[in-house]
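Visitor:
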Amino acid sequence: MTLCPIALLSGCKKCPIFPICLVKGIIGDYRKPAEPRPKAKTGGKPK
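Residues 298 to 344, numbered by this note's numbering, are exactly what the sequence shown covers, in order.
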């Protein structure tokens, strides 16, 4: 739920204090980018 008035209007990324905001993930709409999952190793053909 977004509580920040700036995040409601324009989003966290457009806020002038975005780089130093400590609560952007709590009261704003900011979400951390998803980390790419490591690819599973394909072991070749079974014998």
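By construction, the Cβ of each residue, glycine as well, lies at the ideal position given by its N, Cα and C atoms.
Count the C-beta pairs between the region 331-340 and the region 305-313 that are closer than 8 Å, then say yes if the count reaches three, no if not.
Guide: Too few Cβ pairs lie closer than 8 Å, so no.
Visitor: What separation, rounded to the nearest whole angstrom, lies between the Cα atoms of C312 and C318?
Guide: Answer to the nearest angstrom: the Cα atoms are 9 Å apart.
Visitor: Going along the chain, which residues of its own chain have a beta-carbon closer than 7 Å to the beta-carbon of F315, five neighbours each way excluded?
Guide: The residues are C309 and K321.
Visitor: Which stretch, first to last residue, makes up the alpha helix (DSSP H) that contains K331?
Guide: According to the sequence shown, residue 331 is Ala rather than Lys. Where A331 is concerned, there is no enclosing alpha helix (DSSP H), given that its DSSP letter is neither H nor E.
Visitor: Considering P302, what are the terminal residues of the alpha helix (DSSP H) in which it resides?
Guide: It spans P302 to L306 - the alpha helix (DSSP H) in which P302 sits, taken as one unbroken run.
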